[in-house]
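Notes follow the structure.
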Amino acid sequence: AQSVTQPDIHITVSEGASLELRCNYSYGATPYLFWYVQSPGQGLQLLLKYFSGDTLVQGIKGFEAEFKRSQSSFNLRKPSVHWSDAAEYFCAVGGTGNQFYFGTGTSLTVIP
Amino acid sequence: EAQVTQNPRYLITVTGKKLTVTCSQNMNHEYMSWYRQDPGLGLRQIYYSMNVEVTDKGDVPEGYKVSRKEKRNFPLILESPSPNQTSLYFCASSTRGDTYGYTFGSGTRLTVV
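Protein sequence lines, in the order shown, are assigned to chains A and B. The first sequence begins at 1 in this note's numbering and counts up by one. The second sequence begins at 113 in this note's numbering and counts up by one.
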């Protein structure tokens, strides 16, 4: 069965520091992988997605993610975080029949 | 502005009183979906629709109904709400060619007492 694991429930980083959020997936075929961000009181916004091709994908707000099939991972990265990046981040994998599976999320706190 | 609109944003109701949460999108998207978000559980898919009159169950469909009579609308119906349906609900839509790039609504926070 398809599933997504985000091992880190909460991460704290200093403003200007680099960021990496982990995501591991379980899927039988080539996965469709996504990262979403949810600001407090808001809906989810798509940051980036991977369908095929180049394993390093660029997204909005300076984020990127790398697909590593051998590790079943799709980690999200940003070289230098800004205070406005504080939010909840969700990794997701596309399944069959348009079912769509989210991880449990990673809450990011940015300290000045 | 391209968007998914949910109403109401907040709702408090009593056990057993039927309610409907509306969802409308103005992007001519074929795909629409409902999710519920609970602490520690992430988002779980309730129902989805791939086009008008085509709907299917997600992971947690029990206690919910949906209909897709028009392309733009995808209401979520709770015939007899129970306290375990207290949650944050999101509607989302997507084009056929970008199937999984969902656009989300702002959410509906439902409390069943």
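Ideal Cβ placement from N, Cα and C applies to all residues, glycine included.
Under the DSSP assignment, Cys135(B) falls in the beta strand (DSSP E) whose first and last residues are Leu131 to Gln137.
With its beta carbon at least 8 Å from every one in chain A, Phe186(B) lies outside the interface. Straight-line measurement puts the Cα of Val4(A) at about 22 Å from the Cα of Ala86(A).
Contacts between Leu153(B) and chain A, judged by CB atoms closer than 8 Å, involve Thr104 in chain order.
Considering only Ser73(A), Val37(A) and Gly41(A), the residue with the shortest C-alpha distance to Gly59(A) is Val37(A). Against chain B, the CB of Gln42(A) has a partner CB under 8 Å away; the residue lies at that interface. Annotated as proximal: Leu155(B) and Tyr147(B), with beta-carbon spacing under 8 Å. If you look at Phe202(B), you'll find it in the beta strand (DSSP E) that goes Ser199 to Ser206. Under the three-state reduction of DSSP, Ile60(A) is assigned to helix. Within the model, the alpha-carbon separation for Thr117(B) versus Ala204(B) is close to 9 Å. With respect to the 8 Å criterion, Leu46(A) and Gly213(B) are classified as neighbours on the basis of their beta carbons. In terms of Cβ geometry, Tyr50(A) and Phe67(A) form a close pair [threshold 8 Å].
Between Leu153(B) and Leu222(B) a beta carbon distance of about 15 Å is seen, past the 8 Å cut, so the two are scored as non-contacting.
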